[in-house]
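FYI, in the working numbering the residues of the sequence shown are 30 to 515.
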Amino acid sequence: IPHMNWITLIEIIYAVIVALVCLRIVYDTRSSSKTLAYLLLAIFVPVGGIIFYFVFGVNYRKRLIYSKKLIADEVRLKELDRHTVSSSARILKKHAGEVGDGHSLVNLLMNESRSPLTSGNAVKLLINGEEKFPEVIDALKNARHHIHLEYYIYEEDQIGRRIKEILVQKALEGIQVRMIYDGFGSSSISGELIDELRLAGAEVYPFHRIRLLLFANRINYRNHRKIIIVDGQVGFLGGINISDRYINNGTNESAVYWRDTHLRIDGPGIMFLQHLFLCDWNFCSGQKIQPETAYFNAMPVHGSNTVLQIAASGPDSPASTIKLSFLKAINIAKSEILLTTPYLIPGGSIMDALKVAALGGVRVRILVPGISDSNLVNAAAWSNYGELLKAGVEIHLYQKGFIHAKTMVFDDSISVVGTANMDHRSFDLNFEVNAIIYAADVAEQLRKSFLADLRSSLKITFDDWKSQPLHKQMIERIARLLSPLL
30 IPHMNWITLI
40 EIIYAVIVAL
50 VCLRIVYDTR
60 SSSKTLAYLL
70 LAIFVPVGGI
80 IFYFVFGVNY
90 RKRLIYSKKL
100 IADEVRLKEL
110 DRHTVSSSAR
120 ILKKHAGEVG
130 DGHSLVNLLM
140 NESRSPLTSG
150 NAVKLLINGE
160 EKFPEVIDAL
170 KNARHHIHLE
180 YYIYEEDQIG
190 RRIKEILVQK
200 ALEGIQVRMI
210 YDGFGSSSIS
220 GELIDELRLA
230 GAEVYPFHRI
240 RLLLFANRIN
250 YRNHRKIIIV
260 DGQVGFLGGI
270 NISDRYINNG
280 TNESAVYWRD
290 THLRIDGPGI
300 MFLQHLFLCD
310 WNFCSGQKIQ
320 PETAYFNAMP
330 VHGSNTVLQI
340 AASGPDSPAS
350 TIKLSFLKAI
360 NIAKSEILLT
370 TPYLIPGGSI
380 MDALKVAALG
390 GVRVRILVPG
400 ISDSNLVNAA
410 AWSNYGELLK
420 AGVEIHLYQK
430 GFIHAKTMVF
440 DDSISVVGTA
450 NMDHRSFDLN
460 FEVNAIIYAA
470 DVAEQLRKSF
480 LADLRSSLKI
490 TFDDWKSQPL
500 HKQMIERIAR
510 LLSPLL
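So, in structure tokens, the structure goes:
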């Protein structure tokens, strides 16, 4: 009987713990689909479900572990806010023709995150690592004041060592070199590389220091941004990390062709990128760098007048700015949407927006991997294809290799290049950044690139999707249940 009493007591204690965890999940989780998923895990997976929630599910947004506030002086902050609003309104009025139907998107980004609309930019599309890294190396070599890097993945391979050598040389020359790397994505980076950079005078910090990788909740909040700013004049962002896998020259170790897109920006458009970097820097370094002219001195580029905004989101923002910008852009499209993404698990609102657009007569074409780097994520994505295909959305599977690009084109004037995937993680958990460009020439370049990629792709139909083997459909449905956690 005493033995039975102990068992009963343990069962009661465990039931109380489960009940308390469930209450916390309901209170702490914003997404209803995630709430249900975590509740099911906590209730039906003894002990393991609770551990999974505390490792991956705790909502850091509500715990305010991060603040993007760069300027402490409230008076100065309000003055800058007024200047940003008035400057953006003036540019919007002057470039109403270029912005076209995107004026409401401009206003959304201004009102939600005070992302300024800028003009006088020169924008260059960079396809794959073959085009990105020569541009980056050239810009780094020409640095005269500072180099700021922020990367999700930095690998110590051939290109990683080449960039490290340049950073070391620049630091020895007295150039300010600051580097942020994600503790999870760049977990393979060695102490020797970091020590060599620091010994030369560079400053290097992980965004979230992860000491126990398997039990670190912060791996759920990854800095997925890929940002470089040189001298406050030149900026880079997009999908390409620092790794040989992105260079298709026959020398990388991966046999898979890697298709990706990056962006070089010269001009005032990089100043919000600089703002993001310094906010992230102050957070991970513990420093309190304030805005200085040397960091925010980008001038309009003579002969170039591209209009753009930066959309950024993460646990530092109360709402998913990037998700809202996608929704607004989809809703204002009138004739065509071209979407490239490696992971299509967008959730209900984006799914509905894409279906509404297609059913309303907009030609929606989506390019996704035919060769994926994650079977589980790929299965979850396939579970979404049926309802999209049924609504008239066209889906193409890239066959040449793995497509990792994150780009969108809306009609003939608005385009997006950035780091955000079309999934829950990019919308709700990761620190992400996109450039939204209001320019017909850039949209046309991206459109041509999209159509070129279609030539290496396989178009699937609703009948193709429906005729999958029953066991494959079942796996996809199970993966879809887990999609809020992926």
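By construction, the Cβ of each residue, glycine as well, lies at the ideal position given by its N, Cα and C atoms.
Residue 43 sits exposed, since fewer than 16 C-beta atoms from the chains shown fall within 10 Å of its C-beta. Under the three-state reduction of DSSP output, residue 157 falls in the helix class. Under a 10 Å Cβ-count criterion, residue 498 is classified as exposed, with fewer than 16 other Cβ atoms of the shown protein chains found around its own Cβ.
Our two residues, residue 445 and residue 306, have alpha carbons roughly 20 Å apart in a direct line. With respect to the C-alpha of residue 316, the residue from 187, 408, 233, 140 having the closest C-alpha is 233.
Taking all protein chains in view, the Cβ of residue 289 is crowded by 16 or more other Cβ atoms within 10 Å, so the residue is classified as buried. Ranked by Cα distance from residue 134, the first of 367, 351, 494, 476 is 351. Secondary structure at residue 117: helix, using DSSP grouped into helix, strand and coil.
Judged by DSSP secondary structure, residue 139 falls within the alpha helix (DSSP H) whose first and last residues are 132 to 142. DSSP links residue 365 through a beta bridge to 392. Around the beta-carbon of residue 335, 16 or more other beta-carbon atoms lie within 10 Å, marking it buried. Between the beta-carbon of residue 71 and that of residue 47 there is about 6 Å, and that keeps the pair under the 8 Å contact cut. Annotation: the segment 199 to 229 contains the following complete segments of the beta strand (DSSP E) (minimum length 3 residues), in chain order: 205 to 210. Between the segment 372 to 387 and the segment 450 to 458, the count of Cβ pairs shorter than 8 Å is three or higher; the stretches touch. Between residue 181 and residue 254, the C-beta spacing is below 8 Å.
Residue pairing for residue 268: DSSP places it in no beta bridge.
A direct Cα-to-Cα measurement between residue 492 and residue 426 gives close to 15 Å.
Secondary structure of residue 278 (DSSP, three-state): coil. The way I'd put it, the segment 388 to 406 doesn't touch the segment 467 to 475; fewer than three beta-carbon pairs between them come closer than 8 Å. Residue 224 sits away from residue 349, with the two beta carbons spaced by 8 Å or more.
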